[in-house]
Every structure is written in structure tokens, then in C-alpha cells.
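K.L.:
First, the structure itself, so that you have it in front of you.
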Amino acid sequence: DAKTTQPPSMDCAEGRAANLPCNHSTISGNEYVYWYRQIHSQGPQYIIHGLKNNETNEMASLIITEDRKSSTLILPHATLRDTAVYYCIVRVPTIIYNTDKLIFGTGTRLQVFP
Amino acid sequence: NAGVTQTPKFQVLKTGQSMTLQCAQDMNHEYMSWYRQDPGMGLRLIHYSVGAGITDQGEVPNGYNVSRSTTEDFPLRLLSAAPSQTSVYFCASSYRQAWETQYFGPGTRLLVL
Chain F
889 DAKTTQPPSM DCAEGRAANL PCNHSTISGN EYVYWYRQIH SQGPQYIIHG
939 LKNNETNEMA SLIITEDRKS STLILPHATL RDTAVYYCIV RVPTIIYNTD
989 KLIFGTGTRL QVFP
Chain Z
126 NAGVTQTPKF QVLKTGQSMT LQCAQDMNHE YMSWYRQDPG MGLRLIHYSV
176 GAGITDQGEV PNGYNVSRST TEDFPLRLLS AAPSQTSVYF CASSYRQAWE
226 TQYFGPGTRL LVL
């Protein structure tokens, strides 16, 4: 089961900041938060990830609350090309082979309009 | 680098037929995985592999087999196709672990009649 909760859809005007929320109230202390997006029917694309500090890269910023129970992905100047489904993901620890899984939920469908 | 490639792009099967979905990566990644995505749904993990000769089950492994004989290739086999397996299948790879940046292939659309 996905350990995150996201709104099913959001709208944003082109040129404005898009703020996509995610709740992960059961996150453990050493679990990272990841964001991917999927444009139309393409394969998902990595955006950003973080543990407890805010992170920024050329695509987006990630703001994680101090208690780490929620986070917000920020697209500072949304364009029409940012219309996509955005997935907030928390690593799920596994026992075998000492590796974790990424479990995708249903994500937030972001529609950027002119 | 070609990245992650998948073949075929589209396939139609009849119930009971078997087939193999191919996935290859040329980035020397150790971690590879298969997801399926049903209409309007998120991605669900089928199987994954942390290196040649090592595979494990994901969320929805029933009806699928995998093997990893080389680092580059991670084929997904449907043993006896069922209409419930109609979906889009994505292969992904990352350097060593699932939680590193995963690179996804373009997907294979499968229709089982």
C-alpha cells in the first residue's frame, strides 16, 4: 500500500507557482520522500527527493515540514508542458536483499491552463 | 546511451497465450524493475532485480515470471495471458538501489482478448 496521500487533481495558471501537497504521516526517520511525474502515457520521470531539509534543483523545490509528516512540491513557474500526474513516494523497506521498493500511489493530476 | 528500451511497443494476445516483454538498459545499472499501469491508476510493482541472478516479487507478481541472466536485460514473461493482464508495462532501472533515480522505458501496451 502506498504510504502517501495526495489530492487527485489540481489546476494551475501558466506562469504561476504550482504547489502540490503530500501527506506521509507514517514516515520513518530514515525514509526519503521522492517525487516523480508522468506526462501523458510516457514513463515516469524523476523530479526530486529529500530527507528533512528543503531541496531545490533545476526542475522544482521540495519543502518538507519539520515533523516530516507532509511535504510540498513547488514548480515555481508552471508551463503547459508541466501538465502531468505527479507522484509522491516514500521508500518501503524490504527484508530480502537489503533493498527498498518505491511504491507509487495514484498521484495528483496537475492541469496547467493558459 | 539508449537508456532503457522496451519491445514490443504494442502487443495483442489471446487468452492463454504466453509471451515475453523485453527490457534492456545500457547504463550498467544493477537495479531493474517492472511495473504495470492500468487505466487511471498509478504504477504497481510486479518484480524487481538487484543484480544478475537475483530477483524478488513486488506488489502484483502473480501470472508473471522474471529472470536476470545479464546486467543489461530483464525480460518479463507472461505464462498464460488473461484479460486482467491488459495494461501498460513499464521497465525501469537505477544504478544500485530502488531509491536512487529510476529511469523508465517508454512502455509496452498489452491487450489480452
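In order, the protein sequences belong to chains F and Z. Take 889 as the starting number for the first sequence in the numbering used here and just add one per residue. Take 126 as the starting number for the second sequence in the numbering used here and just add one per residue. Where is the CB? At the ideal position from N, CA and C, for every residue including glycine.
Is the Cβ of Tyr974/F closer than 7 Å to any Cβ of chain A?
P.N.:
Of the protein chains in the structure, F and Z, none is chain A.
K.L.:
Would the stretch 950-960 of chain F and the stretch 908-916 of chain F be scored as touching if the rule is three or more Cβ pairs under 8 Å?
P.N.:
Judged by Cβ distances under 8 Å, the stretch 950-960 of chain F makes contact with the stretch 908-916 of chain F, as three or more pairs qualify.
K.L.:
Report yes if the C-beta distance between Tyr160/Z and Phe199/Z is below 7 Å; otherwise report no.
P.N.:
Taking 7 Å as the Cβ cut-off, Tyr160/Z and Phe199/Z do not qualify as a contacting pair.
K.L.:
Would you mind telling me which residues of chain F sit closer than 9 Å to Val213/Z, beta carbon to beta carbon, in chain order?
P.N.:
Near Val213/Z (Cβ distances below 9 Å), the residues of chain F are Ser929.
K.L.:
Check the Cβ of Ile915/F against every Cβ in chain Z and list those closer than 7 Å, keeping chain order.
P.N.:
Per Cβ cutoff of 7 Å: no residues; Ile915/F is ~13 Å from chain Z at best.
K.L.:
Starting from Glu197/Z, find everything on chain F with Cβ-Cβ shorter than 7 Å and list it in chain order.
P.N.:
Simply none; closest approach about 18 Å.
K.L.:
Within the 7 Å Cβ cut-off, does Leu201/Z reach chain F?
P.N.:
no
K.L.:
Taking Arg925/F as the reference, which of Asp988/F, Pro1002/F, Arg969/F has the closest Cα?
P.N.:
Among Asp988/F, Pro1002/F, Arg969/F, the Cα nearest to that of Arg925/F belongs to Arg969/F.
K.L.:
Ala905/F: buried (16+ other C-beta within 10 angstroms of its C-beta) or exposed?
P.N.:
Exposed is the label assigned to Ala905/F, since fewer than 16 other Cβ atoms lie within 10 Å of its Cβ.
K.L.:
Alpha carbon to alpha carbon, what distance is there between Glu943/F and Ala955/F?
P.N.:
It is worth fixing the name first, because residue 955/F is Asp in this sequence and not Ala. One C-alpha to the other measures close to 16 Å.
K.L.:
Decide if Tyr156/Z is buried, meaning its Cβ has at least 16 other Cβ atoms within 10 Å, or exposed.
P.N.:
buried
K.L.:
Whose CA, out of Ser158/Z, Thr180/Z, Thr196/Z, Ala206/Z, lies closest to the CA of Glu225/Z?
P.N.:
Residue Ser158/Z is the option with its Cα nearest to Glu225/Z.
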